[in-house]
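For the record, the sequence lines run as chains A and B. Residues 1 to 193 (our numbering) make up the first sequence, in order. Residues 1001 to 1232 (our numbering) make up the second sequence, in order. Inspection log for the structure reproduced underneath, given as structure tokens.
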Amino acid sequence: MALDGAADDAALVRASQRGDRDAFGILVSRHATSVLSVTTRMLGPTADAEDVAQEAFVAAYKALHGFQFEAKFSTWLYRIAVNKCTDVLRARRPGTVSLDATDEDGVTSWEPADEDTPHRALEQGELAWELDQGIQALPPLYRESFVLRHIEGLGYDEMSTILGVHRDTLKMRVYKARNILCQSLAHLDGVRR
Amino acid sequence: MRDHEMNPAGSDELVQRYLDQELSGDERVQLLVRLGRDHALREHVIDLEKLMLEVRRLPRPMVPDTFVARVMDLTAPTPAAWRRVFDVLWTPHALHWNLAGATAALALLVAGALVSRELFWQRASTPAPAVATALDASAPVLVRLVVVQPDATTVELAGDFNGWDPRRTPLEQTTSGAWAVTIPLEPGRYEYMFVVDGKQWIADPFAVEQSDDGFGSRNAVLDVRSPAEASL
Chain A
1 MALDGAADDA ALVRASQRGD RDAFGILVSR HATSVLSVTT RMLGPTADAE DVAQEAFVAA
61 YKALHGFQFE AKFSTWLYRI AVNKCTDVLR ARRPGTVSLD ATDEDGVTSW EPADEDTPHR
121 ALEQGELAWE LDQGIQALPP LYRESFVLRH IEGLGYDEMS TILGVHRDTL KMRVYKARNI
181 LCQSLAHLDG VRR
Chain B
1001 MRDHEMNPAG SDELVQRYLD QELSGDERVQ LLVRLGRDHA LREHVIDLEK LMLEVRRLPR
1061 PMVPDTFVAR VMDLTAPTPA AWRRVFDVLW TPHALHWNLA GATAALALLV AGALVSRELF
1121 WQRASTPAPA VATALDASAP VLVRLVVVQP DATTVELAGD FNGWDPRRTP LEQTTSGAWA
1181 VTIPLEPGRY EYMFVVDGKQ WIADPFAVEQ SDDGFGSRNA VLDVRSPAEA SL
């Protein structure tokens, strides 16, 4: 029996594993926004973000036969997307910036990924644009934790499964990311009065 | 920066857990008391709350209309070689011809027939050459294929010999920008292509021969000869 858009992820994954490409198409359609959101916040609104999101789905498709339902499909997909982003970030700045940077100096060593264009600022709104730039200027380890926690709204346990890091460590990274953002956006009325 | 330089011991943790909505009732009271006493801490918490509010208001990215279709294209199974041949053979083709073309084709057929007849008589009148053993003639030959793709993340090989499944034959990066693989092939004629980053199919630029694949692209052609043939 053909599955429709109301089927849950597990049923769609099982159908995809049996070769039902329509089922996989529904999964892609359902999770495209979340995956693209993560890649866009991690890499900046560049063509890379869309390519990497697509690559994440392709990688998921190739590995789907080995998916054992030990985690939710969305958790597994986030993990693939985050790993893809990490690969891109490593390739972008070979030898100059450590992904493991944990000091707040990382704020200044990471330039915004996008050009500061007036058009974009007007289009998105100054505050949102500044916030977006601030997120992309976070050290990558803080950024991925912050994005999963506050952009995607995930809990620390699920984040721990995705990133393979203890939840207490993740809480500390999120905490530091908040403080860094608060400082870097302190000149804006919307964040600091 | 606001001159909030962490307050009495434990305030940081309380604020952090407050933002994560993990405070117990007693802890909430404790935090509220501290906020009432510590102006800097209160301002800091307000800043953080405003930050969280703005983060929640950030727009979600728009998924391009072509996104899903593109993913489905990228994950579409590659047709097997026999299927490609079958499709080419059974797809209807319109044959356009004129008198000049027909005359040229006829001339080629006649020339081909004459050459074949000549070769047949020549072979019949020549003593049989020393023939390598059957084992030698069909023994696999190690073939090394190299392509330069400095910007590639992965390079794979697809061809007649692996069912046109690139995942079965990945190349390894050797020197800067060069990718190579060594595969055992029985003597014969093979068509193949490289697959760059899992999506870009390219013919081997170093191939001595290429052929039309019937889909508007050209495959590289590899002629593998047995050692016995090669020495003739």
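For glycine and all other residues, C-beta sits at the position ideal for the given N, C-alpha and C.
Top-ranked residue by Cα proximity to residue i, from the options
i: B/L1017; options: A/R143, A/E152, A/H166 and A/K171; result: Note on residue identity: the sequence assigns Arg, not Leu, to residue 1017 of chain B. Residue A/K171 is the option with its Cα nearest to B/R1017.
i: B/R1167; options: A/A59, A/V28, A/H31 and A/F146; result: A/A59
i: A/L185; options: B/E1054, B/F1206 and B/L1023; result: B/E1054
i: B/A1076; options: A/D22, A/R178 and A/R167; result: A/D22
i: B/E1172; options: B/E1191, B/G1188 and B/P1150; result: B/P1150
i: B/V1085; options: B/R1057, B/A1139, B/E1191 and B/V1141; result: B/E1191
i: A/S37; options: A/Y78, A/R18 and A/L12; result: A/Y78
i: A/F57; options: A/F69, A/A11 and A/L27; result: A/L27
i: A/S16; options: A/L64, A/N83, A/R41 and A/D51; result: A/L64
i: A/E70; options: A/I162, A/E55 and A/T86; result: A/I162
i: B/W1164; options: B/V1068, B/G1177, B/V1146 and B/T1078; result: B/T1078
i: B/T1066; options: A/F67, A/D51 and A/K72; result: A/D51
i: A/P139; options: A/K72, A/R18, A/A7 and A/L181; result: A/L181
i: A/A10; options: A/D132, A/W129 and A/Q68; result: A/Q68
i: B/M1072; options: A/K62, A/K72, A/G66 and A/W76; result: A/K62
i: B/P1184; options: B/A1139, B/D1204 and B/S1176; result: B/A1139
i: A/N179; options: B/H1044, B/A1203 and B/R1218; result: B/H1044
i: A/H156; options: B/A1081, B/G1010 and B/Q1021; result: One point to set straight first is that residue 156 of chain A is Tyr, not His, in the sequence displayed. Checking every option, the nearest Cα to that of A/Y156 belongs to B/Q1021.
i: A/W129; options: B/R1057, B/A1081, B/V1088 and B/G1025; result: B/R1057
8 angstroms Cβ cutoff, residue i in contact with chain B
i: A/D48; result: no
i: A/A6; result: no
i: A/R14; result: no
i: A/C85; result: no
i: A/R178; result: yes
i: A/D168; result: no
i: A/D132; result: yes
i: A/L127; result: yes
i: A/Y175; result: yes
i: A/L181; result: yes
i: A/L185; result: yes
For residue j and residue i, believed in contact at Cβ under 8 angstroms, the rounded distance
i: B/T1201; j: B/V1195; result: According to the sequence shown, residue 1201 of chain B is Trp rather than Thr. Yes, B/W1201 and B/V1195 are in contact; Cβ-Cβ is about 6 angstroms, under 8 angstroms.
i: A/T33; j: A/A49; result: Their Cβ separation, rounded to whole angstroms, is 12 angstroms, which puts A/T33 and A/A49 out of contact at 8 angstroms.
i: B/L1023; j: B/L1031; result: 7 angstroms
i: A/S160; j: A/R149; result: At roughly 11 angstroms, the Cβ-Cβ gap does not stay under 8 angstroms, so A/S160 and A/R149 are not in contact.
i: B/D1197; j: B/A1158; result: About 14 angstroms separates the two Cβ atoms, so there is no contact after all.
i: B/V1221; j: B/R1189; result: 7 angstroms
i: B/V1155; j: B/T1182; result: Not confirmed; about 14 angstroms, so no contact.
i: B/A1111; j: B/V1146; result: Wrong, their Cβ atoms sit about 38 angstroms apart, outside the cutoff.
i: A/L43; j: A/C85; result: 6 angstroms
i: A/R41; j: A/I151; result: 6 angstroms
Proximity test, Cβ basis, 8 angstroms: residue i and chain A
i: B/D1160; result: no
i: B/R1070; result: yes
i: B/L1171; result: no
i: B/M1006; result: Because the pLDDT at B/M1006 is just 45, under 50, the model does not fix this residue reliably, and the value given afterwards should be weighed accordingly. Not an interface residue.
i: B/T1075; result: yes
Straight-line gap, residue i to residue j (C-alpha atoms, nearest Å)
i: B/L1109; j: B/R1070; result: 46 angstroms
i: A/P112; j: A/I135; result: Below a pLDDT of 50, predicted positions are generally treated as unreliable, and A/P112, at 41, falls in that range; no measurement from the model is reported.
i: B/V1015; j: A/G153; result: 18 angstroms
i: A/G25; j: A/L141; result: 31 angstroms
i: B/W1097; j: A/V88; result: 54 angstroms
i: B/P1092; j: A/S74; result: 45 angstroms
i: A/A177; j: B/R1037; result: 26 angstroms
i: B/D1223; j: B/V1063; result: 46 angstroms
i: B/W1090; j: B/S1211; result: 19 angstroms
i: B/E1186; j: B/F1161; result: 9 angstroms
i: A/V35; j: A/A81; result: 7 angstroms
i: B/K1199; j: B/L1074; result: 7 angstroms
i: B/A1178; j: B/V1148; result: 4 angstroms
i: A/V147; j: A/A137; result: 12 angstroms
i: B/A1052; j: B/P1059; result: Just to set this straight, residue 1052 of chain B is Met in the shown sequence, not Ala. For B/M1052 and B/P1059, the distance between alpha carbons rounds to 14 angstroms.
i: B/E1049; j: B/L1019; result: 8 angstroms
i: A/Q183; j: A/S145; result: 18 angstroms
i: A/V174; j: B/M1193; result: 47 angstroms
i: B/R1117; j: B/A1107; result: 15 angstroms
i: A/L12; j: A/E158; result: 21 angstroms
i: B/F1206; j: A/P45; result: 38 angstroms
i: B/L1099; j: B/A1105; result: 10 angstroms
i: A/G66; j: A/K72; result: 14 angstroms
i: A/A6; j: B/R1083; result: 35 angstroms
- Task: Give, in chain order, every residue of the region 1045-1068 of chain B whose Cβ lies closer than 9 angstroms to some Cβ of chain A.
- Result: With the criterion set as a beta carbon lying under 9 angstroms from some beta carbon of chain A, the members of the region 1045-1068 of chain B are I1046, D1047, L1048, K1050, L1051, M1052, L1053, E1054, V1055, R1056, R1057, L1058, P1059, R1060, P1061, M1062, V1063, P1064, F1067 and V1068, in sequence order.
message = Output needed in chain order: residues of the region 1010-1035 of chain B with a Cβ under 8 angstroms from some Cβ in chain A.
response = D1012, Q1016, L1019 and D1020
Practice task
Return the residues of the region 1078-1109 of chain B that lie within a Cβ-Cβ distance of less than 9 angstroms from chain A, sorted by chain order.
Solution key: Along the region 1078-1109 of chain B, there is no position whose C-beta sits under 9 angstroms from a C-beta of chain A.
Any C-beta of chain B within less than 7 angstroms: which residues of the region 53-76 of chain A qualify? Q54, F57, V58 and Y61
Query raised in the report: Any residues in the region 1196-1226 of chain B with a beta carbon nearer than 9 angstroms to a beta carbon of chain A? Which ones, in chain order?
Result: D1197, G1198 and K1199
Quiz item: In chain order, what residues of the region 17-45 of chain A put their CB closer than 8 angstroms to some CB of chain B?
Solution: R21, F24, G25, V28, S29, A32, T33, L36, S37, T40 and P45
Closer than 8 angstroms, Cβ to Cβ, to anything on chain B: give me those residues from the region 139-151 of chain A, in chain order. H150 and I151
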